[in-house]
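Quick note, the sequences are listed as chains H and L, same order. Count the first sequence with this note's numbering and you get residues 1 to 130, in order. Count the second sequence with this note's numbering and you get residues 131 to 256, in order. Glycine is no exception: its CB is placed at the ideal position from the N, C-alpha and C atoms. Structure record follows, encoded as structure tokens.
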Amino acid sequence: MAEHRQDRLELLRRVRRATQSRDPTVRLEGRIARRLRRNLRAFQQEVRVQGRLVGEIDVELETAIIEVTSGKGRKKARQIQRLLHNRDLNPTGKPAIMFGPQVRRGLVRQLEESGASVVQTLNELEAWVG
Amino acid sequence: MKNIVVVTPKKVTQTMVQALVESLGGYWNADDTLDQGVVERGDAVIYVSSSQALDPDYDTNDIAILIQLLGQMPQAVIDIHLGHAPGSEALAEEVAHEVIERWGGFLDDNTQDLETVLRQGKAKKP
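See the structure below:
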């Protein structure tokens, strides 16, 4: 129990550090995780299988995985496919959300067709998570 | 995760990217649901893959600008996703420059307005 509490505190510490990052994407990841901290399960988490990295999770909630970009989102559709379909990254088949305030409309359509929900504001995200 | 891309004037296949990744000491996750290379250096990590598709990541106007920047129709996009660990950004830049050295190309940090880049004449040609 105490160990679990320590892990939780460390997780929240990492989130707080991220909100102070100079990198806009890291800062955005931190803001999202902080806003949704009650449902937060993992943050900036490397996933390894037999010593090999298979990928990283930006923000994982009880109910979804969130991929974050502060940029234009080019080539994010493939990344979303990995999060949706790779069982090491997403063992329970959680839905994937693309959070990208600057992703343009044509790309939003492609991301939605690939099975992701695309969210562009923190309020929208909060409403999605419920 | 942050990602940067290199748009190349040459057709660069996944096999070619795999060779690059392995020459840098990395490995390839061949599983269909991943299909990407990983380069780790100390704590730093990047994930690399390529595709031939420009649309819809780049619209018609973007592609016209890329043709001007590259001097020909783009043939491939190398995607470099940055890990969260310290040093990943520097590693990504190093690998992007290695890509440009091998195959030519234009480095798009996924935040730039291509018209501005064109005006400033920052094209990186082979």
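The alpha helix (DSSP H) that contains H/A33, what's its start and end?
P24 to R35
Residues within the segment 88-101 of chain H neighbouring chain L, beta-carbon criterion of under 8 Å
Per Cβ criterion, the list is empty.
Nearest candidate by alpha-carbon position, reference L/G172, set L/E231, L/F236, L/G235 and L/E219
Measuring from the Cα of L/G172, the nearest candidate turns out to be L/E219.
Between which two residues does the alpha helix (DSSP H) carrying H/T69 extend?
Per DSSP, H/T69 belongs to no alpha helix (DSSP H) and is neither H nor E.
Could you tell me whether the Cβ atoms of L/V178 and L/I230 are closer together than 8 Å?
no
Counting contacts by CB-CB distance shorter than 8 Å, is L/E245 in contact with chain H?
no
Checking contacts by CB at 8 Å: is L/K254 closer than that to chain H?
Because L/K254 carries a pLDDT of 49, less than 50, the predicted location of this residue cannot be relied on, and no value is offered for it.
DSSP state of H/V54 mapped onto helix, strand, coil:
Here DSSP, grouped into helix, strand and coil, assigns H/V54 to strand.
In terms of residues, what are the limits of the beta strand (DSSP E) holding H/M98?
Residues A96 to F99.
With contact counted as at least three CB pairs below 8 Å, one residue from each stretch, are the segment 112-120 of chain H and the segment 69-86 of chain H in contact?
yes
If you draw a straight line from the C-alpha of L/R249 to the C-alpha of H/Q102, how long is it?
22 Å
For a cutoff of 8 Å on Cβ pairs, would you count L/G155 as touching chain H?
The C-beta of L/G155 comes no closer than 8 Å to any C-beta of chain H.
According to the Cβ coordinates, are H/G55 and H/V47 closer than 8 Å?
yes
Determine the direct distance from the alpha carbon of H/L11 to that of H/E3, and round the result to whole angstroms.
12 Å
Spatial neighbours of L/A226 in its chain, beta-carbon cut-off 7 Å, leaving aside the 5 residues before and after
Excluding residues within five positions, the ones whose Cβ falls inside 7 Å are I134, V136, I210 and L237.
Where the alpha helix (DSSP H) containing L/G167 begins and where it ends:
Where L/G167 is concerned, there is no enclosing alpha helix (DSSP H), although the beta strand (DSSP E) it sits in stretches over Q166 to R171.
Under a CB-based cut-off of 8 Å, is L/H227 close to chain C?
Absent here is chain C; the protein component of the structure consists of chains H and L.
Against chain L: residues of the segment 50-76 of chain H by CB proximity under 8 Å
R52, L53, V54, G55, E56, D58, E67, V68, T69, S70, G71, K72, G73, R74, K75 and K76
Counting pairs of beta carbons, one from the segment 199-209 of chain L and one from the segment 137-148 of chain L, are three or more of them closer than 8 Å?
yes
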